[in-house]
Amino acid sequence: MPAYQLLGGKYRDEVRVYCDCHTEAEADPIACADEAERVVEELGYDALKFDLDVPSGHEKDRANRHLRAPEIEHKASIVEAITERVGSRADVAFDCHWTFSGGSAKRLAKRLEEYDVWWLEDPVPPENHDVQREVTRCTSTPITVGENVYRTHGQRRLLEEQAVDIIAPDMPKVGGMRETRKIADLADLYYVPVAMHNVASPVATMASAHVGAAISNALAVEYHSYELGWWADLVEEPVIEDGAIEVPEKPGLGVTLDLDTVADHMVEGEELFDEA
Ligand SMILES: [Mg+2]
Numbered sequence: 008m009p010a011y012q013l014l015g016g017k018y019r020d021e022v023r024v025y026c027d028c029h030t031e032a033e034a035d036p037i038a039c040a041d042e043a044e045r046v047v048e049e050l051g052y053d054a055l056k057f058d059l060d061v062p063s064g065h066e067k068d069r070a071n072r073h074l075r076a077p078e079i080e081h082k083a084s085i086v087e088a089i090t091e092r093v094g095s096r097a098d099v100a101f102d103c104h105w106t107f108s109g110g111s112a113k114r115l116a117k118r119l120e121e122y123d124v125w126w127l128e129d130p131v132p133p134e135n136h137d138v139q140r141e142v143t144r145c146t147s148t149p150i151t152v153g154e155n156v157y158r159t160h161g162q163r164r165l166l167e168e169q170a171v172d173i174i175a176p177d178m179p180k181v182g183g184m185r186e187t188r189k190i191a192d193l194a195d196l197y198y199v200p201v202a203m204h205n206v207a208s209p210v211a212t213m214a215s216a217h218v219g220a221a222i223s224n225a226l227a228v229e230y231h232s233y234e235l236g237w238w239a240d241l242v243e244e245p246v247i248e249d250g251a252i253e254v255p256e257k258p259g260l261g262v263t264l265d266l267d268t269v270a271d272h273m274v275e276g277e278e279l280f281d282e283a
């Protein structure tokens, strides 16, 4: 039977996918807005994410985690350009990759409140729950955390202390499909949605989609490989179509590796498994 069935059945036939977007001119608000529009119009996504830990040209120090006022204004200009361009056509999240001090993260999150972003991700380093909780509680900007936290035990304090608005477990890294389901169930006790972090192949992406179908509080699954033209060719079946994954009814994950494509992209020294 399909994997979602083994997890208890499904809440939805399709799991929403958000597209992690990149442009070479990552600090140029107009270039970011252009790319957002391209991904919505040409690739068919209605959910996007952009990096916000990009250089502004106003930095005085790259190590102290402090954001100067002009840096915050530069980040706000990126958020404004993208969200105004896509309007109601897409939800847009922004990732900070654990970069800023607690005080700077609070100022940034509050500055972004007027844009009502989908979420602001990892504004502060991951180790100190007290700082994380304070940042999350000070702002109406939804704060997402969790891709570098392991197992349900690792996510527990974030949820119990209401230090997170949206939890982002990475299915392969956090302990697999059942562990992700367990985290989602704990999150649901706190009415916290789950946006699954995912930088993996179509196989693990499909595994995340099965979990996403089986939990009530799934928000979306990440897609982080739109620059890799051969990503979808790694499996024989279609995976992401029109910004969503339709969960297959075939047994297991419902995808089959295309071994020719796999062979084309192995690291030097890697070998395909011996079928005998
Ligand atoms: Mg992230």
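Okay, so the sequence shown: first residue is 8 according to our numbering, each after it adds one.
We put the CB at the ideal spot given by N, CA and C, even for glycine.
Computed from a prediction, not measured in an experiment: that's the story for all the values here.
Of the residues the options, the one placed nearest residue i, counting alpha carbons only
i, options, result
"T5", "T146, T148 and M184", "For residue 5 there is no data in the structure shown, the boundaries of the chain being 8 and 283."
"R45", "V61, P62 and C26", "C26"
"P149", "F101, K257, G51 and I247", "F101"
"A202", "V218, V210, S208 and P209", "V218"
"E167", "I190, G182, S147 and E186", "I190"
"A225", "G250, T187 and A207", "T187"
"L59", "G250, E48 and E78", "E78"
"N71", "N135, S111, E120 and E243", "S111"
"V228", "F107, M213 and L241", "M213"
"A83", "D98, V61 and R96", "V61"
"R75", "L115, Y122, Y198 and R23", "L115"
"I89", "A251, W238 and F57", "F57"
"A221", "P255, W237, R96 and T268", "P255"
"E42", "P9, I252, H73 and R92", "R92"
"H204", "D177, I247, A194 and K113", "D177"
"I173", "A270, D129 and K180", "D129"
"E33", "K17, E253, Y18 and S63", "S63"
Residues that DSSP places opposite residue i in a beta bridge
i, result
"G261", "Note: G261 sits in no beta bridge, so no partner."
"H272", "Paired residue(s): none; H272 is not in a bridge."
"D4", "Missing from the structure shown is residue 4; the chain here goes from 8 to 283 and no further."
"V228", "V24 and M203"
"V242", "L264"
"P9", "G259"
"E253", "E21"
"E248", "A251"
DSSP state of residue i mapped onto helix, strand, coil
i, result
"P132", "coil"
"W126", "strand"
"D20", "coil"
"P200", "coil"
"C39", "helix"
"I190", "helix"
"V210", "helix"
"A32", "coil"
"E2", "Residue 2 falls outside the range modelled here, since the chain spans only 8 to 283, and no answer is possible."
"G219", "helix"
Min CB distance residue i to chain B below 8 Å
i, result
"G276", "Annotation note: the requested chain B is absent from the structure, which comprises a single protein chain."
In chain order, what are the residue ranges of uninterrupted beta strand (DSSP E) at least 3 long that sit wholly in the region 45-119? 54-58 and 98-102
Going residue by residue through the region 139-188, where are the continuous beta strand (DSSP E) segments of at least 3 residues, counting only ones entirely within it? 150-152
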